[in-house]
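Everything below concerns the one structure shown next.
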Amino acid sequence: MDRIAHSGTNALRILLVEDSKAEAVYIERTLMQATPYAYRIKRVADIASAKDALEAADFDVVLLDLGLPDVVGFSGLQALQDLAPKVPIVILTSRDDRETELSAMENGAQDYMLKDKASVSALNRSMLHAIQRKQIENMKSEFISLVSHELRTPITAIHGALGLIAGDMETDLPQQVSHLVNIANKNSERLIRLINDILDIDKIDAAQMYYEMKPEPLMLILQQAAETNAVYAARLGVKVWLEPSPEVTVNVDSKRLAQVMANLLSNAAKYSPSGSTVTISVQSQPSGRVRVNVSDQGPGIREDFRAHIFQKFSQADDALTRTKQGAGLGLYICKRIIEHMRGSIGFDSAAGHGATFWFELPEPETRTVRETNVIKARAI
Ligand SMILES: Nc1ncnc2c1ncn2[C@@H]1O[C@H](COP(=O)(O)OP(=O)(O)OP(=O)(O)O)[C@@H](O)[C@H]1O
Ligand SMILES: [Mg+2]
Numbered sequence: 023m024d025r026i027a028h029s030g031t032n033a034l035r036i037l038l039v040e041d042s043k044a045e046a047v048y049i050e051r052t053l054m055q056a057t058p059y060a061y062r063i064k065r066v067a068d069i070a071s072a073k074d075a076l077e078a079a080d081f082d083v084v085l086l087d088l089g090l091p092d093v094v095g096f097s098g099l100q101a102l103q104d105l106a107p108k109v110p111i112v113i114l115t116s117r118d119d120r121e122t123e124l125s126a127m128e129n130g131a132q133d134y135m136l137k138d139k140a141s142v143s144a145l146n147r148s149m150l151h152a153i154q155r156k157q158i159e160n161m162k163s164e165f166i167s168l169v170s171h172e173l174r175t176p177i178t179a180i181h182g183a184l185g186l187i188a189g190d191m192e193t194d195l196p197q198q199v200s201h202l203v204n205i206a207n208k209n210s211e212r213l214i215r216l217i218n219d220i221l222d223i224d225k226i227d228a229a230q231m232y233y234e235m236k237p238e239p240l241m242l243i244l245q246q247a248a249e250t251n252a253v254y255a256a257r258l259g260v261k262v263w264l265e266p267s268p269e270v271t272v273n274v275d276s277k278r279l280a281q282v283m284a285n286l287l288s289n290a291a292k293y294s295p296s297g298s299t300v301t302i303s304v305q306s307q308p309s310g311r312v313r314v315n316v317s318d319q320g321p322g323i324r325e326d327f328r329a330h331i332f333q334k335f336s337q338a339d340d341a342l343t344r345t346k347q348g349a350g351l352g353l354y355i356c357k358r359i360i361e362h363m364r365g366s367i368g369f370d371s372a373a374g375h376g377a378t379f380w381f382e383l384p385e386p387e388t389r390t391v392r393e394t395n396v397i398k399a400r401a402i
């Protein structure tokens with residue numbers, strides 16, 4: 023149902039996603055009172071139709087009701103952002119609580135508005151504010167992406183050269199020089215990881231991350247992840263243990279799943295006391311989903327940090343008190359990857375008793391339980 027509230031060359035194109043007819047009519051009528059602003063409003067009643075509308079036409083802003091029939095929580099917001107990452111979204115809700123407001127913003131909305139406060143001027147201000155905010159966000163992420171791309175080539179060359187010197191030529195170097203080359207080499211590696219994470223986030227946020235989903239043997243992926251990441255853990259005096267379990271097939275992008283494991287394992291090792299073990303275990307859930315746990319014996323996750331742990335750039339310690347390396351991007355990337363693979367991610371932690379980060383993947387298509395396929399227990 024297309025309505026032109028006020029026609030004009032600069033009419034603001036609004037997609038109103040609202041299932042309650044009465045509330046939609048109220049918003050439309052409110053907007054129609056506006057002068058000199060002009061609005062072109064298209065109303066739809068669910069996320070599926072909102073997606074169709076966004077695919078079919080351009081919009082300047084989306085007004086999104088939170089309680090739609092075909093979505094739970096913020097998944098509708100996520101779906102629209104994935105489809106049209108450059109279009110700002112204002113959440114409309116009748117729930118006046120700070121937590122929902124914060125969650126809406128954390129989940130990528132540009133603004134949040136209570137329906138009963140939706141006067142014409144408040145709506146107009148909110149939409150213009152959202153558009154401006156999104157424009158700045160888009161410019162910022164384009165700039166970051168450009169800089170990261172430009173940095174990646176030279177830093178990769180520097181890292182390659184340092185790697186050669188630190189490896190093949192190490193014995194020819196005076197001890198002090200070799201020590202310095204090693205430090206430079208490790209730091210160039212950190213820089214590459216950071217640049218790759220920033221570029222990944224950029225791709226995820228622009229919905230341009232490419233996934234090659236196919237049936238893959240989970241235990242084999244976990245075994246390879248344990249072996250690869252054991253080197254980093256060993257430097258910190260930490261062992262990695264993969265609990266034996268029957269092989270199971272999951273529908274995933276194996277490289278992206280390895281990326282998730284690399285971050286969960288590096289976090290677990292980073293926060294583990296020296297001499298302890300990080301354990302990977304697999305459980306079949308009653309729902310048919312498969313859960314992978316990565317457990318450590320570190321300090322666990324502080325109560326006040328729990329709600330923020332999966333956000334971009336979020337770290338429990340601030341820059342001045344931080345003793346561990348990292349940029350706070352890993353868990354955000356993990357969450358987006360796992361959710362893209364139709365899974366979920368979370369953690370259990372009692373402060374002081376370690377942390378278990380887990381993810382669950384959808385029910386596998388086939389299940390092989392032959393005894394010969396049991397991956398051998400190993401401490402790496
Ligand atoms: N196993 C863990 N035990 C204790 N704290 C953890 C654990 N895993 C994550 N955290 C906390 O969560 C924060 C975010 O983790 P995340 O992996 O996103 O970032 P990072 O490891 O700091 O940096 P990056 O992964 O980008 O290199 C960490 O900085 C840390 O404060
Ligand atoms: Mg990390």
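Going from the sequence shown to my numbering is simple: count from 1 and add 22.
Cβ atoms here follow ideal geometry from the backbone N, Cα and C, with glycine treated the same way.
None of the values given here were measured: they were computed from a predicted structure.
Counting C-beta pairs with one atom in each stretch, the segment 269-277 and the segment 230-241 have three or more that are closer than 8 Å, which means they touch. Just so you know, the alpha carbons of residue 45 and residue 153 end up roughly 23 Å apart. Assigned with DSSP and collapsed to three states, residue 335 falls in coil, not helix or strand. Taking non-hydrogen atoms of ligand 1 into account, the C-beta of residue 360 is found less than 6 Å away from none of them. Pairing residue 221 with residue 170 gives a Cβ-Cβ distance under 7 Å. In terms of Cβ geometry, residue 300 and residue 326 do not form a close pair [threshold 7 Å]. Taking 6 Å as the cut-off, the C-beta of residue 368 does not count as close to any heavy atom of ligand 2.
Per DSSP, the unbroken beta strand (DSSP E) holding residue 238 starts and ends at 236-239. Around the C-beta of residue 181, 16 or more other C-beta atoms lie within 10 Å, and the residue is accordingly described as buried. From the listed residues 353, 321, 176, the smallest Cα separation to residue 335 is found for 353. Around the Cβ of residue 95, a 10 Å sphere holds fewer than 16 other Cβ atoms; the residue is exposed. Secondary structure at residue 305: strand, using DSSP grouped into helix, strand and coil.
Apart from the 5 residues on each side of it in sequence, residue 105 sits with its Cβ closer than 6 Å to the Cβ of 73, 76 in its chain, given in chain order. In the DSSP assignment, residue 260 falls outside any beta strand (DSSP E) and carries neither an H nor an E.
By the Cβ-count criterion, residue 257 is exposed, with fewer than 16 other Cβ atoms from all chains shown falling within 10 Å of its own Cβ. In this structure, residue 224 lies away from residue 351, with their beta-carbon atoms at least 7 Å apart. If only uninterrupted beta strand (DSSP E) runs of at least 3 residues are considered, those enclosed by the segment 55-113 are 61-66, 83-87.
Annotation: residue 382 is outside any alpha helix (DSSP H); the continuous beta strand (DSSP E) that includes it extends over 377-383.
Residue 367 carries a strand assignment under DSSP once its states are collapsed to helix, strand and coil.
With a threshold of 6 Å, the Cβ atom of residue 338 counts as near ligand 1, since some heavy atom of the ligand is closer than that.
Secondary-structure assignment with DSSP links residue 134 through a beta bridge to 113. If the five residues before and after residue 288 are omitted, its C-beta is found closer than 7 Å to the C-beta atoms of 251, 254, all from its own chain and listed in chain order. Counting only runs of 3+ residues, the beta strand (DSSP E) found wholly inside the segment 127-171 occupies 133-136, in chain order. Any heavy atom of ligand 2 counts here; residues with a Cβ closer than 7 Å to one of them, in chain order, are 285, 288, 289, 348, 352, 353.
DSSP, read as helix, strand or coil, puts residue 195 in coil.
Distance check between residue 242 and each of 86, 267, 214, 54 places 267 closest, using alpha-carbon atoms only.
The C-alpha of residue 147 lies about 54 Å from the C-alpha of residue 260. Taking C-beta atoms as the reference points, residue 245 and residue 264 count as a pair closer than 7 Å. Relative to ligand 1, even the nearest heavy atom lies 6 Å or more away from the CB of residue 217. DSSP, read as helix, strand or coil, puts residue 278 in helix. In this structure, residue 262 lies away from residue 280, with their beta-carbon atoms at least 7 Å apart. Looking only at 331, 291, 330, the smallest Cα-Cα distance to residue 316 is reached by 291. In this structure, ligand 1 has a non-hydrogen atom nearer than 6 Å to the beta-carbon of residue 377.
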